[in-house]
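Mapping of the sequence shown onto the numbering used here: residues 1 to 273, in sequence order.
Glycine included, each C-beta is placed from N, C-alpha and C at the ideal position.
All figures in this text were calculated on a predicted structure; none of them were measured in a lab.
One structure is given here, and the rest of the page talks about it.
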Amino acid sequence: MAAKKTTDRILQDFYWPNVWNDVTQFCRSCDQCQRSAPRGLTSKVSLLKVPFIDEPFSGIAVDIVGPILPALEKGNKYIFTVADFCTRYPKAVTLRNIDTITVAEALADVFTRTGIPTEILSDRGTNCTSELMAEICRLLSMKRLTTSPYHPQCNGLVERFSGTLKRMLKKLAAARPRDWKRYINAALLAFREAPLDSLGFTPFELVFRRPASGPMAILRELWTEEIRDEEVKITYEYVVDLSEKLESMIELAHENLRTLSIRHKYHFDKKAK
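Quick look at the structure:
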């Protein structure tokens with residue numbers, strides 16, 4: 001996320017003099033941020049207003065990100081993204097392909113958590129404009145809206161989130177590109193707990209009516225000793241330490257496996273001659 005959103009997130013729990021300058025300088029010096037930042041200029045058109053909806057998840061916008069390479073072990077290489085017009089609360093589901101049935105199943109998965117909206121906005125991709133999708137919308141009494149064929153940016157709410165999610169995954173999974181799925185939930189939490197200039201609250205607050213207790217909130221409580229229970233401190237530190245150790249163990253296991261594979265190939269090829 002940009003320096004402003006990063007600063008806004010930090011200011012929810014911490015403050016120090018020149019915090020804005022420090023965060024801006026840090027973001028500018030972040031190698032992964034510079035590598036994944038969008039490049040090039042795009043033509044600009046007049047801004048379109050996002051529909052004003054006062055009931056959470058009564059109107060949603062959907063988009064598809066991908067293909068994201070390398071694909072996951074199960075072949076999933078797309079992400080189906082959803083953004084709520086009222087709260088900007090996002091959701092994401094990984095997909096193996098983007099045919100109509102797969103997209104419909106992803107929608108059903110989202111609806112089990114949010115309820116069925118009255119309106120759904122998508123681009124004009126065949127997976128969203130097919131007869132099957134039209135029938136699903138009819139059966140569920142959803143009004144289907146599509147973007148203009150010459151101006152798909154009118155689905156900007158979810159497309160901005162999709163772009164942000166893709167850049168966040170690129171940064172988070174830089175060391176392990178094949179494991180990008182494991183970082184989706186972390187990216188979603190970061191987006192959900194970031195204050196929105198347009199609404200004045202975070203998407204999480206607007207949905208759950210309370211601030212999100214994210215990693216920085218827990219860290220602040222530990223540093224200020226608001227959490228005095230030693231078991232909580234030990235558990236939190238243990239989880240962090242265990243996570244780091246597990247990642248190191250996985251790296252070591254992969255290295256051992258590569259060494260063993262080379263050795264096995266050497267002996268096999270030697271006998272094959």
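| query | result |
| --- | --- |
| Buried or exposed for Tyr266, please, with buried defined as at least 16 other CB atoms from any protein chain shown within 10 angstroms of its CB. | exposed |
| Skipping 5 residues on each side, what residues in its chain have a beta carbon closer than 6 Å to that of Asn97? | none |
| Considering only DSSP beta bridges, list what Phe80 is partnered with. | Ile64, Val93 |
| Within its chain, find whatever has a CB closer than 8 Å to the CB of Leu145; leave out the 5 residues flanking it on each side and keep chain order. | Glu119, Ile120, Leu121, Ser122 |
| In the DSSP assignment, the beta strand (DSSP E) including Leu69 goes from what residue to what residue? | Taken as a continuous stretch (DSSP letters only), Leu69 belongs to no beta strand (DSSP E), as it is neither H nor E. |
| Is it right to say Glu205 is buried, meaning 16 or more other beta carbons lie within 10 angstroms of its own, or is it exposed? | buried |
| Could you check whether Gly214 and Glu193 sit closer than 8 Å to each other, using their CB atoms as the reference points? | yes |
| Is DSSP giving Arg113 helix, strand or coil here? | helix |
| Please classify Glu73 as buried or exposed, where buried requires at least 16 other C-beta atoms within 10 Å of its C-beta. | exposed |
| If I'm right that Val207 touches Thr102 with Cβ under 8 Å, what's the distance once you round it to whole angstroms? | Val207 to Thr102, Cβ: 26 Å. No contact. |
| Might you give, ordered along the chain, the residues of its own chain that have their beta carbon closer than 7 Å to the beta carbon of Asp8, omitting 5 neighbours on each side? | Ala194, Pro195 |
| Where Lys171 and Gln12 are concerned, what is the direct C-alpha to C-alpha distance, given to the nearest angstrom? | 23 Å |
| Might you give, ordered along the chain, the residues of its own chain that have their beta carbon closer than 6 Å to the beta carbon of Arg132, omitting 5 neighbours on each side? | Sequence inspection shows Leu at residue 132; the Arg mentioned does not correspond to that position. Correct list, in chain order: Thr100. |
| Using DSSP with H/G/I as helix, E/B as strand and the rest coil, what is Arg210? | coil |
| For Asp269, which residues of its own chain have a beta-carbon under 8 Å away from its beta-carbon, when the five flanking residues on both sides are left out? | none |
| Which residue marks the beginning of the alpha helix (DSSP H) containing Glu193, and which one marks its end? | Counting along the chain, Glu193 falls outside any alpha helix (DSSP H), and DSSP gives it neither H nor E. |
| Between Ser29, Ile184, Cys30, Ala3, which has its C-alpha nearest Thr20's C-alpha? | According to the sequence shown, residue 20 is Trp rather than Thr. Among Ser29, Ile184, Cys30, Ala3, the Cα nearest to that of Trp20 belongs to Ala3. |
| Let me check one thing: in DSSP terms, what residues is Lys143 bridge-paired to? | Glu119 |
| Could you pull the start and end residues of the alpha helix (DSSP H) that Ala175 belongs to? | No alpha helix (DSSP H) contains Ala175, which DSSP labels as neither H nor E. |
| Whose C-beta lies closer than 8 Å to the C-beta of Tyr78 among residues of the same chain, with five residues either side of it excluded? | Ile64, Val65, Gly66, Pro67, Ile68, Thr94, Leu95, Arg96, Asn97, Ile98 |
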